[in-house]
Structures are given as structure tokens and as C-alpha cells.
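Written out below as C-alpha cells is the structure these notes cover.
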Amino acid sequence: MKTVFQGVLLFAALLIPLGVDAQMEPPMHSFLRADANTDGTVDLSDAVYTFGWLFLGADMPECLDSVDSNDDGAINITDGIYTLSFLFTGG
Numbered sequence: 155m156k157t158v159f160q161g162v163l164l165f166a167a168l169l170i171p172l173g174v175d176a177q178m179e180p181p182m183h184s185f186l187r188a189d190a191n192t193d194g195t196v197d198l199s200d201a202v203y204t205f206g207w208l209f210l211g212a213d214m215p216e217c218l219d220s221v222d223s224n225d226d227g228a229i230n231i232t233d234g235i236y237t238l239s240f241l242f243t244g245g
């Protein structure tokens, strides 16, 4: 019994430094492309939100990747137009 207890203590002593030095990566959050207002759906309000943010000073979006609806790496007027095209011409 004493040997088992010593084995458990040794195992615990080896694990303690691992927990101190370990660094956790921040969790990856999923997003919906073109869902600019992050309400979970892609609709007309997303294009309006994109244009409002770009040209009228609306609040900054929570997720910039979701605003980049055409996924070209830049957020500009074409993203709002792309969202409208997706909605009204069948994507």
C-alpha cells in the first residue's frame, strides 16, 4: 500500500510542473460569412449593417471576417454588394 501511495505522489509531482507551464490557445469561434450583424442569419439587414459601418459610422462589427462576405481579405463596398447579390440573385 505504501508503494502505491508513493507512486501516486510521484505521478502528481511530475504533473504539477506541466500545469504551471502549459499555455492554452484561445478558443476558435465560428462565424457565418456575410452575417455582418452576427444575428445568425444572412439577410438584408447584413448588407445595410455593412454599408452603415462603412459609410455612416455605425458600430464596429463583432467579427470582421463575417463582414468580408466575398472573402477577398478586404472590407469595402463590394462586400455589401456581394451580400445583396447573394440574397437577390440566388448567390
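The opening position of the sequence shown corresponds to residue 155 in this note's numbering, with each subsequent residue numbered one higher. For every residue, glycine included, the Cβ atom is placed at its ideal position computed from N, Cα and C. A quick note: this is a predicted structure, and the numbers were derived from the prediction, not measured.
Inspect the beta-carbon positions of residue i and residue j and report whether they are closer than 7 Å.
i      : j      : result
ASP233 : SER223 : yes
ASP200 : THR237 : yes
PHE185 : CYS217 : yes
Distance, Cα to Cα, residue i vs residue j?
i      : j      : result
GLY206 : GLU179 : 34 Å
THR264 : ASP226 : This structure does not reach residue 264, given that the chain is present from 155 up to 245, and the question cannot be answered.
THR105 : TYR203 : The shown model of the chain, from 155 to 245, leaves out residue 105, and the question about it has no answer.
ALA188 : THR243 : 15 Å
PRO215 : LEU198 : 16 Å
Grouping DSSP H, G and I as helix and E and B as strand, with all else coil, what is residue i?
i      : result
THR204 : helix
GLY234 : helix
LEU210 : coil
LEU252 : Residue 252 is absent from the structure shown; the chain starts at 155 and stops at 245.
VAL196 : coil
ASP219 : helix
My guess is that residue i and residue j are in contact by the Cβ rule of under 8 Å, so how many angstroms apart are they, rounded?
i      : j      : result
LEU208 : ILE231 : 7 Å
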